[in-house]
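The next block holds one structure in the form of structure tokens; read it before the comments.
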Amino acid sequence: MNIVVYGTGGVGGYFGTRLAQAGNNVTFIARGQHLKAIKKNGLQLKSINGDYLLKPVNATDSISEVKNIDLILICVKTWQLKETAQTIKPFLNENTLVISLLNGCENHSILSSVIDKKHVLGGLCKVVSFIEKPGVINHVAYEPTIVF
């Protein structure tokens with residue numbers, strides 16, 4: 024499966040790394056020092072469920088570099104959701120699914136106001152993780168779960 028993780032923070036970094044570890048082709052959208060560290064050193068996941076170093080990593084700051092996307096996990100802050108939807112819209116193919124994994128009860132509606140609702144699945148996740156330092160995600164609590 025060709026997956027894009029849009030927002031490589033605690034949530035996107037954790038779930039994207041585990042999806043890549045399971046054999047999926049994952050591209051991470053990141054920025055700044057975090058992106059530089061990921062490209063240079065890989066994406067390191069420290070976890071109560073076992074550590075993992077993903078290297079090499081498909082990482083970029085532009086979704087335009089990714090082709091044939093099956094799934095986009097939106098893992099940005101809620102206030103960035105509408106802008107993110109506008110950014111990804113031109114890169115959706117007929118079968119691309121979009122799931123938001125962020126706080127907010129209006130996420131599905133916000134995404135559907137920009138993207139055809141046939142692409143949008145409501146989603147939520149449970150995990151306590153954060154960027155410890157650029158290129159390092161630390162998962163410290165809860166059994167990670169995605170519901171959609």
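If you're matching positions, the sequence shown starts at 24 in my numbering and goes up one per residue. For glycine and all other residues, C-beta sits at the position ideal for the given N, C-alpha and C.
Practice prompt. Whole angstroms is fine: what's the gap from THR168's alpha carbon to ASP93's?
Written response: The count along the sequence shown starts at 1 and reaches residue 168 at position 145. The count along the sequence shown starts at 1 and reaches residue 93 at position 70. If you take the alpha carbons of THR168 and ASP93, they lie about 20 Å apart.
Practice prompt. Would you check if there are 3 or more beta carbon pairs closer than 8 Å linking the region 57 to 70 to the region 153 to 166?
Written response: Note that the region 57 to 70 touches the region 153 to 166; at least 3 beta-carbon pairs, one per stretch, sit closer than 8 Å.
Practice prompt. May I ask which residues mark the beginning and end of the alpha helix (DSSP H) holding VAL89?
Written response: In the sequence shown, the residue the question calls residue 89 occupies position 66. From DSSP, VAL89 is part of no alpha helix (DSSP H); its letter is neither H nor E.
Worksheet item: With C-beta atoms as the reference, is ILE111 less than 7 Å away from ILE122?
Response: Along the sequence shown, read from residue 1 onward, the residue named residue 111 stands at position 88. Along the sequence shown, read from residue 1 onward, the residue named residue 122 stands at position 99. Taking C-beta atoms as the reference points, ILE111 and ILE122 fail to come closer than 7 Å.
Item to complete: For THR31, name the three-state secondary structure that DSSP assigns.
Response: Residue mapping note: residue 31 aligns to position 8 of the sequence shown, counting from 1. Here THR31 carries a coil assignment [DSSP, helix/strand/coil].
Worksheet entry | Residue span of the alpha helix (DSSP H) that contains LYS62, given as start and end | Start at 1 with the first residue of the sequence shown, and residue 62 comes out as number 39. First-last of the alpha helix (DSSP H) with LYS62: 55 to 64.
Practice prompt. Tell me the start and end of each unbroken beta strand (DSSP E) in the region 100 to 145 that is at least 3 residues and wholly inside, in chain order.
Written response: You should have 120 to 123.
Worksheet item: What residue from GLY65, CYS128 and GLY146 has the CA that sits closest to LEU120's CA?
Response: On the sequence shown, position 97 is the one that residue 120 refers to. Nearest of GLY65, CYS128 and GLY146 to LEU120, Cα basis: GLY146.
Worksheet entry | Closest residue to GLY35 among ALA53, ALA45, ASN48 and TRP102 (Cα-Cα distance) | Counting from 1 along the sequence shown, the entry for residue 35 is found at position 12. Of ALA53, ALA45, ASN48 and TRP102, the residue nearest in Cα terms is ALA53.
Worksheet item: Any idea what DSSP makes of ALA164, helix, strand or coil?
Response: Sequence index remark: in the sequence shown, residue 164 carries index 141 (1-based). In the displayed model, ALA164 falls within a strand according to three-state DSSP.
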